[in-house]
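Numbering (the numbering used here), first residue to last: -3 to 453.
A virtual CB, placed ideally from N, CA and C, is assigned to each residue, including glycine.
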Amino acid sequence: MNKDIVCIGAGYIGGPTMAVIAKMNPDRKVIVVDINADRIAAWNSEDYSIPIYEPGLVDVVKEVRGRNLFFSTDIKGAVQQCDIVFVGVNTPTKMFGRGSGRASDLQYWEATARSIKEYANGDKVVVEKSTLPVRTAAAMEAILNGGTGNGERGTGIKFTVLSNPEFLAEGTAIKDLLEPDRVLIGGPETEEGRRALEAVVDIYAAWVPREKILTTNVWSAELTKLAANAFLAQRVSSINAIAGLCEATGADVDEVARVVGADRRIGPKFLKAGPGFGGSCFKKDVLNLVYLCETFGLHTAAEYWTGVIRMNQHQQERIVSRLFSAMFNTLANKKIALFGFAFKADTGDTRETPAGTVARLLMEEHVRVTVTDPKALDNARRDLADLPGVVYEEDEYKAAEGADAIVLMTDWRHYPTLDWQKIYDSMRKPALVFDTRNCLDAAELRRIGFRVLNVGK
Ligand code: UDX
Ligand code: UDX
């Protein structure tokens, strides 16, 4: 087996992961391929206008591109050169047919497996990087090995499928890759499986301490990825469920979270109340878990996880209900500026962003919505293309001019440092700020003259 690596899928997962693998393994050639030629051209662009914004990523790409990291559309050539094939193509929630709205759409995955099979000129280790439903590896092995069940196809080429799910969070991807809490690799419990597993462990062992590289069987690895994201999502929904109660009782959710999180058994992270979770993974993975539970007849477990998603949606509906009450039970024709559209700070990503849901609910109330965001305006324009009335404004001060309310949706670091007096002066009175991230100085805003709403206070 040679040490070279190809990754199919130059997206959020494939790009950063392979850049770091190449940086830490200068003796290996790493080729990232994609069917999307524009995307590959962007990764190869001379001025490094790479398609993904991640702090630190450009520096890593500058260091390794052309040294041992290459981007290409030649999937066939790359699969033939490398014995280890990572697959990081997208697996969105299926929006048609059986399992619609919950199951993963595996058509890209299957097509990719079929092209690997077509191009392979020798034994290959195929590594699942995408998040996939449990037992996908079995289906992939069946496709790759021609369904003979003995791990071989007519030509004698052997494919071994491993699962190596990614835990990186957007905005901290490079840090998460360089200093992971753990790396998870699942492999079949056969002689070949063990050899393949060791080959992939070696890639990470170049910089990750051995005790942090956890190996399991394939099914555990596939399920762990879904479970880990479901647990994180569940924590956010739990604290948001407490937030409503805080508003009703006079408790302060940030105080409650601080003290609850001081218990070492619980820990302080992922207890920040807010507008609800967004991002490409949480909803998709929890829905996937729900679908799996239902498939195996575990209906109560399915309902339990469905509650996590329902609570999350409710949090966004509650934002609009509270605005409605605070703004004298009519929002029609009022101007509301959404500060932030990305699903969290430090990313331009708007997939499943709570701001999108809030913008839509406000438009239903005939609000004049203006959106401002330092990184996500292009995505916002695309996401809300069916709502022609929405205004997009790069400058926060202009976005706020004449507005009745500002709803802070994303905790961009510079928002607290804006000149809030200047913003207040330009707004229609009474001027309201709804800080859904509890990141502004509420006392100072009240001193200026704002009415202030927070989540969980
Ligand atoms: C990843 C994982 O794949 C997904 O399972 C996880 O839950 C979220 O992150 P991501 O990297 O975010 O997906 O997807 P995306 O940024 O859309 O990148 C996927 C890439 O695969 C795209 O560039 C697409 O062009 C490419 N692709 C897709 C192929 O090269 N071949 C295909 O057949 C399909
Ligand atoms: C997540 C997981 O963290 C990562 O391990 C997995 O591989 C992919 O999904 P990501 O979606 O990039 O990563 O973002 P993350 O930082 O986890 O935040 C998810 C959402 O939860 C964001 O919308 C964030 O604002 C929200 N969140 C997070 C809260 O509302 N409160 C918190 O305390 C933490």
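Spatially closest choice to Lys125 from Asp43, Gly11 and Asp437, by CA coordinates
For the purposes of this step, residue 125 is identified with residue 129 of the sequence shown, where counting begins at 1. Minimum Cα distance to Lys125 is reached at Gly11.
Exposed or buried, which one is Tyr8 when buried takes at least 16 other CB atoms within 10 Å?
As a first step, residue 8 is located in the sequence shown; it is residue number 12 there, counting from the start. Buried.
Answer yes or no: do Arg377 and Gly398 have a C-beta to C-beta separation smaller than 8 Å?
Taking the first residue of the sequence shown as 1, we reach residue 377 at position 381. Taking the first residue of the sequence shown as 1, we reach residue 398 at position 402. Going by beta carbons, Arg377 and Gly398 fall outside the 8 Å limit.
Residues bridged to Thr211 [DSSP beta-bridge criterion]
Position 215 of the sequence shown, counted from the first residue, corresponds to residue 211. Under DSSP, Thr211 forms a beta bridge with Ile181.
Nearest-angstrom Cα separation, counted from Ala401 out to Gln417
One-based indexing of the sequence shown puts residue 417 at position 421. One-based indexing of the sequence shown puts residue 401 at position 405. It is roughly 14 Å from the alpha-carbon of Gln417 to the alpha-carbon of Ala401.
May I ask you to report which of helix, strand or coil DSSP gives Glu124?
Stepping through the sequence shown from its first residue, residue 124 is reached at position 128. Three-state result, Glu124: strand.
Going along the chain, which residues put their C-beta within less than 6 Å of some heavy atom in ligand 2?
Any heavy atom of ligand 2 within less than 6 Å of a residue's beta carbon puts that residue on the list, which reads Glu162, Phe163, Leu164, Ala165, Glu166, Asn225, Leu228, Val232, Phe266, Leu267, Lys268, Gly270, Phe273, Gly274, Gly275, Cys277, Phe278, Phe339 and Lys340.
What distance in whole Å lies between the Cβ atoms of Val386 and Ile332, which are believed to be in contact at a cut-off of 8 Å?
Translated into positions along the sequence shown, residue 332 becomes position 336. Translated into positions along the sequence shown, residue 386 becomes position 390. 11 Å between Cβ atoms; not a contact.
Compute the minimum distance between the beta carbon of Lys90 and the heavy atoms of ligand 1, and state whether it is under 7 Å.
For the purposes of this step, residue 90 is identified with residue 94 of the sequence shown, where counting begins at 1. No, the beta carbon of Lys90 sits no closer than 7 Å to any heavy atom of ligand 1.
Mapping DSSP to helix, strand and coil, what is Ala298?
For the purposes of this step, residue 298 is taken as residue 302 along the sequence shown, with counting starting at 1. In the structure shown, Ala298 sits in a helix (DSSP, three-state: H, G or I).
Using beta-carbon positions only, say whether Val130 and Ala229 come within less than 8 Å of one another.
Counting from 1 along the sequence shown, the entry for residue 130 is found at position 134. Counting from 1 along the sequence shown, the entry for residue 229 is found at position 233. Not in contact: Val130 and Ala229 (Cβ atoms no closer than 8 Å).
Straight-line CA distance for Leu219 to Phe155?
Position 223 of the sequence shown, counted from the first residue, corresponds to residue 219. Position 159 of the sequence shown, counted from the first residue, corresponds to residue 155. Approximately 22 Å between the Cα atoms of the pair.
Decide if Lys337 is buried, meaning its Cβ has at least 16 other Cβ atoms within 10 Å, or exposed.
On the sequence shown, residue 337 is found 341 positions in, with the first residue counted as 1. For clarity, residue 337 is Phe in the given sequence; the question names Lys instead. Counting other Cβ atoms within 10 Å of its Cβ, Phe337 reaches 16 or more and is therefore classed as buried.
With distances taken between CB atoms, is the gap from Thr69 to Ile4 smaller than 8 Å?
As a first step, residue 69 is located in the sequence shown; it is residue number 73 there, counting from the start. As a first step, residue 4 is located in the sequence shown; it is residue number 8 there, counting from the start. Not a contact, by the Cβ cut-off of 8 Å.
Which whole runs of the beta strand (DSSP E) in the region 350 to 406 are 3 residues long or more, in chain order?
List check, beta strand (DSSP E) in window: 364 to 368 and 401 to 404.
Coil, strand or helix - Lys279 by DSSP:
By one-based count along the sequence shown, residue 279 stands at place 283. Lys279: helix per DSSP, three-state reduction.
For a test of the three-state rule: what should DSSP assign to Arg447, helix, strand or coil?
Within the sequence shown, the letter at position 451 stands for residue 447. It is a strand residue.
Does DSSP classify Asn(-2) as helix, strand or coil?
As a position in the sequence shown, residue -2 is number 2, starting the count at 1. If DSSP states are grouped into helix, strand and coil, Asn(-2) belongs with coil.
Counting beta carbon pairs with one atom in the region 51 to 69 and one in the region 87 to 94, are three or more of them shorter than 8 Å?
no
Identify every residue that forms a DSSP beta bridge with Thr156.
As a position in the sequence shown, residue 156 is number 160, starting the count at 1. Thr156 pairs with Val121.
If you drop the 5 nearest sequence neighbours on each side, which residues of the same chain put their C-beta closer than 6 Å to that of Gly274?
For the purposes of this step, residue 274 is identified with residue 278 of the sequence shown, where counting begins at 1. Answer for Gly274: Phe339, Glu348, Thr349 and Pro350, listed in chain order.
In three-state DSSP terms, what is Leu102?
Within the sequence shown, the letter at position 106 stands for residue 102. In the structure shown, Leu102 sits in coil (DSSP, three-state: anything other than H, G, I, E or B).
Can you tell me where the alpha helix (DSSP H) holding Ala455 begins and where it ends?
Residue 455 lies beyond the stretch modelled for the chain, which goes from -3 to 453, so this question has no answer here.
Among the residues of its own chain, which have a CB less than 6 Å from the CB of Lys221, if the five just before and after it don't count?
Locating residue 221 in the sequence shown gives position 225, counting from the first residue. Closer than 6 Å at the Cβ level, and outside the excluded window around Lys221, lie Thr127 and Pro161.
For Ile262, count neighbouring C-beta atoms within 10 Å of its own C-beta (all shown protein chains included) and say buried if the count is 16 or more, exposed if not.
If you number the sequence shown from 1, residue 262 lands on position 266. Ile262 comes out exposed.
Would you mind reading off the limits of the alpha helix (DSSP H) that contains Asp431?
Position 435 of the sequence shown holds residue 431. Unbroken run through Asp431 is the beta strand (DSSP E), Leu428 to Asp431; no alpha helix (DSSP H).
Mind listing, in chain order, the continuous alpha helix (DSSP H) runs of no fewer than 4 residues lying wholly within the region 186 to 252?
187 to 201 and 214 to 245
Under the DSSP definition of a beta bridge, which residues are partnered with Val48?
Sequence index remark: in the sequence shown, residue 48 carries index 52 (1-based). The question names Val, but residue 48 is Ile in the sequence shown. Answer is none; Ile48 lacks a bridge partner.
With burial defined as no fewer than 16 other Cβ atoms inside 10 Å of the residue's Cβ, what is the status of Asp379: buried or exposed?
The residue labelled residue 379 in the question sits at position 383 within the sequence shown. Buried.
Please classify Ala338: does DSSP put it in a helix, a strand, or coil?
By one-based count along the sequence shown, residue 338 stands at place 342. The answer is coil: DSSP assigns Ala338 none of H, G, I, E or B.
Which same chain residues, not among the five before or five after Ala237, have their C-beta less than 8 Å away from its C-beta?
One-based indexing of the sequence shown puts residue 237 at position 241. Within the same chain, Ala237 has close Cβ partners Met307.
In or out: Glu137 buried (at least 16 other Cβ within 10 Å) or exposed?
Taking the first residue of the sequence shown as 1, we reach residue 137 at position 141. Glu137 is buried by the Cβ-count criterion.
Lys455, DSSP secondary structure in three states:
Residue 455 is absent from the model: the chain starts at -3 and stops at 453.
Beta-carbon proximity of Asp177 to Leu164, cut-off 8 Å
Here residue 177 is taken as the residue at index 181 of the sequence shown, counted from 1. Here residue 164 is taken as the residue at index 168 of the sequence shown, counted from 1. No, they are not a contact pair.
So, do the region 9 to 28 and the region 191 to 209 have three or more beta carbon pairs nearer to each other than 8 Å?
yes
Per DSSP, the bridge partner or partners of Thr343
As a working note, residue 343 is residue 347 in the sequence shown. The partner list for Thr343 (beta bridge, DSSP) is empty, contrary to what the question assumes.
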